[in-house]
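Data first, discussion second: the structure below is written as structure tokens.
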Ligand code: PMV
Ligand code: MG
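In the numbering used here, the protein residues as written are 92 to 451.
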């Protein structure tokens, strides 16, 4: 039996702007995992995941017709990851086989995406990793990222794939997404192997070292949020606000580039300053688009953290899920923990996850 796992993630900075190529985000992998096991089978295969059973499927109406929104449904990510990895396996001359694939997740509970730690990204990565072993494909980390990103893009359509990168590489990364129009054009002309071998325009994934005294705290609001839905909402409203959206993109890029410099020069005050700046930039994006990124619970979480000497912001698309706090290890955390407790914010005792050296 083959068993692999892929970690969940949290966005630290650069959200929303990162869906545009060339705009960086900082993302971190956390030590909660999705594992996939594969066992050889004969004649019939199966796919099993507790993620699927109780999950509500959102739907909407287009031109009067009910349309299911599959983007929050892990099953579609698994199927697309299988389809693409098997296509690559065939191009590499492998014979396709039957298997039983089982998913176990620490990132969801039966109500769906409980913490917003990126279960759709992690399940896509774990499926690609498992089949990489099953078909003995020897894909390197970047190739696995590319296959998982293509699978994720086919289902979600509007994401940056930063969650996929964090799950593939582990640790802290600076990430800028690829030009998805270029990918779509090449996808219709090239073999999958040729597309995976090519350099993808604008894609950049850079591991970051962290200052020794940097501390990351995570607070959970208890209410779930849908990333794909929030990104849709921002996309719809930005059309009327093109000028402010462009300034948001430029300012976010500048802010995250300074934060990356803060990591490279071990400068915690600079990182904290840029976290606070990014919080303001997201607040102005929320005002121009009318999308609620920092909910009242996230605001409380951040304000209390700032009062206790940290720099804080919503993580990812916001609208619920988690907020992050950067402090230094000399600042005690107990006062903030009791303030959070009174405000019904749950601290999540997660750690940054690094893959063991020499193998993901
Ligand atoms: O809410 P999360 O953790 O899934 O993060 C979404 C981050 C966005 O930049 C808003 C979207 C994306 O795909 O990068
Ligand atoms: Mg989220």
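Ideal Cβ placement from N, Cα and C applies to all residues, glycine included. Predicted model, so just to flag it, every value in this text is computed and none were measured.
DSSP three-state assignment for residue i, whether helix, strand or coil
i, result
"residue 408", "coil"
"residue 304", "coil"
"residue 107", "coil"
"residue 203", "Bear in mind that a pLDDT of 47 at residue 203, under 50, signals an unreliable position, so the number given afterwards is only what the model happens to contain. The answer is strand: DSSP assigns residue 203 an E or B state."
"residue 173", "helix"
"residue 384", "coil"
"residue 189", "strand"
"residue 157", "strand"
"residue 436", "coil"
"residue 229", "coil"
"residue 195", "strand"
"residue 431", "helix"
"residue 315", "coil"
"residue 113", "coil"
Whole-Å CB distance - residue i paired with residue j, under 8 Å assumed
i, j, result
"residue 133", "residue 93", "Contact flag wrong, Cβ pair sits at about 17 Å."
"residue 411", "residue 384", "Residue 411 to residue 384, Cβ: 10 Å. No contact."
"residue 113", "residue 277", "No, residue 113 and residue 277 are not in contact; Cβ-Cβ is about 18 Å, not under 8 Å."
"residue 472", "residue 406", "Absent from the model: residue 472. The displayed extent of the chain is 92 to 451, so no value can be given."
"residue 419", "residue 305", "6 Å"
"residue 427", "residue 388", "Actually they are not in contact, since the Cβ atoms of residue 427 and residue 388 sit about 15 Å apart, beyond 8 Å."
"residue 318", "residue 250", "7 Å"
"residue 108", "residue 339", "7 Å"
"residue 139", "residue 196", "About 12 Å separates the two Cβ atoms, so there is no contact after all."
"residue 443", "residue 224", "Residue 443 to residue 224, Cβ: 25 Å. No contact."
Per-residue burial, residue i [other beta carbons within 10 Å of its own, 16 or more giving buried]
i, result
"residue 248", "exposed"
"residue 235", "buried"
"residue 403", "buried"
"residue 199", "buried"
"residue 381", "exposed"
"residue 104", "buried"
"residue 288", "exposed"
"residue 309", "buried"
Neighbour flag for residue i against chain C, beta carbons, 9 Å
i, result
"residue 373", "In summary, chain C is missing from the structure at hand, where a single protein chain is found."
Paired residues, beta bridge with residue i - DSSP
i, result
"residue 351", "Partner(s): none; residue 351 has no beta bridge."
"residue 102", "118"
"residue 342", "In the DSSP output, where bridge partners are listed per residue, residue 342 has none listed."
"residue 360", "Residue 360 is not bridged to any residue."
"residue 94", "128"
"residue 166", "Bridge partners of residue 166: none, in fact."
"residue 447", "Bridge partners of residue 447: none, in fact."
"residue 419", "305"
Residue i: CB within 8 Å of a non-hydrogen atom of ligand 1
i, result
"residue 101", "yes"
"residue 197", "no"
"residue 141", "no"
"residue 107", "yes"
"residue 459", "The structure shown does not extend to residue 459, since the chain is modelled only from 92 to 451, so the question has no answer here."
"residue 381", "no"
"residue 116", "yes"
"residue 84", "What is shown of the chain runs 92 to 451, which leaves residue 84 out entirely."
"residue 97", "no"
"residue 454", "Nothing about residue 454 can be reported from this structure: the residues present for the chain run from 92 to 451 only."
"residue 406", "yes"
"residue 321", "yes"
Cβ-heavy atom distance, residue i to ligand 2, below 8 Å
i, result
"residue 412", "yes"
"residue 318", "yes"
"residue 388", "no"
"residue 113", "no"
"residue 253", "no"
"residue 423", "no"
"residue 35", "Given a span of 92 to 451 for the chain in the structure shown, any question on residue 35 remains unanswerable."
"residue 400", "no"
Near ligand 3: residue i beta-carbon under 8 Å from a heavy atom
i, result
"residue 121", "This structure does not include ligand 3; its bound ligands are ligand 1 and ligand 2."
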